[in-house]
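Working notes, structure below.
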Amino acid sequence: MLSIRKHLAAVLGQHENDAVVIPKVEFFRFLAGGDGNTSSLYANRLYSIFDMDKKGHVTFEDLMKGLSLLSQKATREQKLMLSFYLLDPEGTGFITKKMTTELLRSCLAECNELEISLSEAQLAHIIDNTFSDADLDRNGVIDLNEYQSLDAKHPGLFDFLTVDAFGVLSHLERVHSMSISVPQ
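Numbering (the numbering used here), first residue to last: 23 to 206.
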């Protein structure tokens, strides 16, 4: 772990003995592979996994905790809680159709390289079917118990929350090296 920390410090141009800090804009540049635009709801929700205490930056420890939640070693329950957290940004204890729609729309916009295009009617149909399946008490929202039931009915639903941690770190290195200009 120490060698990963030293490597990350070097990639970020930070001294290896100092605390590794990834500024929010740098984190967003990594997520989007571009200018570090922080307006995307999807990117903001992903960022929140790493900056859970809302410091405005990600430390090496935050990065490792976030990657462990997204790794293959995380338990199914951890993945379930993580995805619920992503869909409940206000911490209300329930998921709304509105937030689910906004997040899915943002996710599709961010993942445009997948070339997935859904009309508003198709998006509404997916959300309506999901809520019809999950909202057991028919109150218009999905609480944690209902979300757990949805997971039990559809094993593998949260497999999309698994990433290759070393691949992420390699991508960070590539993105950061692209943003460094070489003097002529």
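Ideal Cβ positions, reconstructed from N, Cα and C, are used throughout, including at glycine. Note that this is a predicted model, so its numbers are computed, not measured.
Exposure of residue i, with buried meaning 16 or more beta-carbon neighbours within 10 Å
| i | result |
| --- | --- |
| K95 | exposed |
| A41 | exposed |
| G162 | exposed |
| A174 | exposed |
| D84 | buried |
| D73 | buried |
| E168 | buried |
| H37 | exposed |
| G88 | buried |
| L91 | buried |
| L158 | exposed |
| L140 | exposed |
When the options are compared against residue i, the one with the closest alpha-carbon
| i | options | result |
| --- | --- | --- |
| V43 | S70, K77, Y64 | K77 |
| A11 | E99, V80, S171 | There is simply no residue 11 to check, as the chain begins at 23 and stops at 206 in what is shown. |
| A146 | L104, R160, R127 | R127 |
| E142 | E124, T152, F49 | E124 |
| R51 | N151, H79, S154, S90 | H79 |
| Y107 | Q144, T152, L68, L53 | L68 |
| F180 | N66, E48, S93 | S93 |
| Y64 | R27, P111, I164, G35 | P111 |
| G178 | T97, N151, S154 | T97 |
| V176 | Q144, L34, T152 | Reading off the sequence shown, one finds His at residue 176, where the question assumed Val. Minimum Cα distance to H176 is reached at T152. |
| R27 | T81, F49, D75 | T81 |
Cβ-Cβ separation, residue j to residue i (assumed contact under 8 angstroms), whole Å
| i | j | result |
| --- | --- | --- |
| M121 | L109 | 6 angstroms |
| I149 | K119 | 6 angstroms |
| L104 | I71 | 7 angstroms |
| G113 | L166 | About 12 angstroms separates the two Cβ atoms, so there is no contact after all. |
| S62 | E132 | 6 angstroms |
Proximity test, Cβ basis, 9 angstroms: residue i and chain E
| i | result |
| --- | --- |
| A96 | In the structure shown, chain E cannot be found, because there is only a single protein chain. |
Segments of 4+ residues assigned as alpha helix (DSSP H) that fall wholly inside the region 99-153: 119-132
At what residue ranges does the region 30-81 contain a whole run of the beta strand (DSSP E), taking only runs of 3 or more? 43-45, 79-81
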